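Peer 1: Just so you know, the protein sequences line up as chains A and B, in that order. Here the first sequence is numbered in my numbering, starting from 29 and rising by one per residue. Here the second sequence is numbered in my numbering, starting from 966 and rising by one per residue.
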Amino acid sequence: GQQLNQSPQSMFIQEGEDVSMNCTSSSIFNTWLWYKQDPGEGPVLLIALYKAGELTSNGRLTAQFGITRKDSFLNISASIPSDVGIYFCAGLFNTNAGKSTFGDGTTLTVKP
Amino acid sequence: EPEVTQTPSHQVTQMGQEVILRCVPISNHLYFYWYRQILGQKVEFLVSFYNNEISEKSEIFDDQFSVERPDGSNFTLKIRSTKLEDSAMYFCASVGEETQYFGPGTRLLVL
């Protein structure tokens, strides 16, 4: 089956620093989604990417859909304490109907 | 803003008992999903549902699992005879506008 490798597994940063995480896949996806999950809650969609090369921002978050369609990155600029959580990438092959394949997650800790 | 809702938020059950997890997807969405997340692990796909039938299922979704859309709004996951390893968060999701939206989850604990 499709596998996503997400890195890094965890990050410990100071408030104000920028953060970068990425996902790579052995096969192509037609949609990349980035989610944030707080403990005991469901994944909350941050950014959705639909075209290879697409670069999309949502406030301090920026994500890109890789040209090869096999990778994506998420950047967070000027981190704040509430950015703490687990960030997951997810790829869909069939955008409107298919399952999401999730990465293992990046656990972000922000020190004030 | 429309959202996916799930009930109950928590369920504790004895091994071997049946459980039914309920979801109300976003109203104009047509594709529905169940995922599970074992504590500390990633989200795993269980099953997708479209037009009143299963469109895809994973190897996790064995004969103990079933899904149903009993009316126009609810989408349920039934586990017939729960096992200890079924303890997890179960998330419902629905797709609309080319994006998948997740519910808040049901935490299932099997004792």
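Note that the Cβ used here is the ideal one computed from N, Cα and C, for glycine as well. All values reported here derive from a predicted model rather than from experimental measurement.
Tell me the rounded alpha-carbon separation between E1024 of chain B and L1011 of chain B.
Peer 2: Within the second sequence, numbered from 1, the residue matching residue 1024 of chain B stands at position 59. Within the second sequence, numbered from 1, the residue matching residue 1011 of chain B stands at position 46. So the alpha carbons of these two residues sit roughly 8 Å apart.
Peer 1: With 16 other CB atoms within 10 Å as the buried threshold, where does M1054 of chain B fall?
Peer 2: By 1-based counting over the second sequence, the position of residue 1054 of chain B is 89. Burial call: buried.
Peer 1: Give a yes or no on whether the C-beta atoms belonging to F1056 of chain B and Y1000 of chain B are separated by under 7 Å.
Peer 2: As a working note, residue 1056 of chain B is residue 91 in the second sequence. As a working note, residue 1000 of chain B is residue 35 in the second sequence. Yes, the pair counts as a contact, with Cβ atoms nearer than the cut-off.
Peer 1: Taking only three categories from DSSP, how would you classify L1049 of chain B?
Peer 2: One-based indexing of the second sequence puts residue 1049 of chain B at position 84. Three-state DSSP puts L1049 of chain B in a helix.
Peer 1: Ignore the nearest five residues each way along the sequence and tell me which others in P36 of chain A's own chain have a CB closer than 8 Å to its CB.
Peer 2: Numbered from its first residue, the first sequence carries residue 36 of chain A at position 8. Cβ neighbours of P36 of chain A beyond the five flanking positions: M49, T134.
Peer 1: Which residue wins for smallest C-alpha separation from I95 of chain A, given the options A:I104, A:L89, A:L83?
Peer 2: Counted from its first residue, the first sequence places residue 95 of chain A at position 67. Here the closest residue by C-alpha is A:L83.
Peer 1: Less than 7 Å separating the beta-carbons of S1052 of chain B and V1032 of chain B?
Peer 2: Residue numbering aside, residue 1052 of chain B sits at position 87 when the second sequence is read from its first letter. Residue numbering aside, residue 1032 of chain B sits at position 67 when the second sequence is read from its first letter. No.
Peer 1: On the criterion of 16 or more Cβ atoms from any shown chain inside 10 Å, does R1045 of chain B qualify as buried, or is it exposed?
Peer 2: Residue numbering aside, residue 1045 of chain B sits at position 80 when the second sequence is read from its first letter. The residue is exposed, with fewer than 16 neighbouring Cβ atoms inside 10 Å.
Peer 1: Quick one: which chain B residues come within Cβ less than 7 Å of T59 of chain A?
Peer 2: Residue 59 of chain A sits at position 31 when you count from the first residue of the first sequence. Within 7 Å Cβ-Cβ: E1063.
Peer 1: Nearest by alpha-carbon distance to H994 of chain B: which of B:L1042, B:K1048, B:S1038 is it?
Peer 2: For the purposes of this step, residue 994 of chain B is taken as residue 29 along the second sequence, with counting starting at 1. It is B:S1038.
Peer 1: Please determine if the region 56 to 63 of chain A and the region 981 to 996 of chain B are in contact, where contact requires at least 3 C-beta pairs separated by less than 8 Å.
Peer 2: The region 56 to 63 of chain A vs the region 981 to 996 of chain B: no contact.
Peer 1: S53 of chain A: which of A:V112, A:K98, A:F116, A:G131 sits nearest, CA to CA?
Peer 2: Against the first sequence, residue 53 of chain A aligns to sequence position 25. Among A:V112, A:K98, A:F116, A:G131, the Cα nearest to that of S53 of chain A belongs to A:K98.
Peer 1: Apply the 10 Å Cβ neighbour rule to V72 of chain A and answer buried if 16 or more other Cβ atoms are within range, or exposed otherwise.
Peer 2: Stepping through the first sequence from its first residue, residue 72 of chain A is reached at position 44. Its Cβ having fewer than 16 others within 10 Å, V72 of chain A is exposed.
Peer 1: With 7 Å as the limit, tell me which residues of the region 992 to 1009 of chain B have their beta carbon closer than that to any beta carbon of chain A; keep them in chain order.
Peer 2: Flagged, chain order: Y996, Y998, K1007, V1008.
Peer 1: Can you give me the C-alpha to C-alpha distance between G44 of chain A and K1007 of chain B, rounded to a whole angstrom?
Peer 2: Along the first sequence, read from residue 1 onward, the residue named residue 44 of chain A stands at position 16. Along the second sequence, read from residue 1 onward, the residue named residue 1007 of chain B stands at position 42. Spanning the two alpha carbons is a distance of roughly 28 Å.
Peer 1: If you drop the 5 nearest sequence neighbours on each side, which residues of the same chain put their C-beta closer than 6 Å to that of A118 of chain A?
Peer 2: Indexing the first sequence from 1 puts residue 118 of chain A at position 90. Around A118 of chain A: L61, S128, F130.
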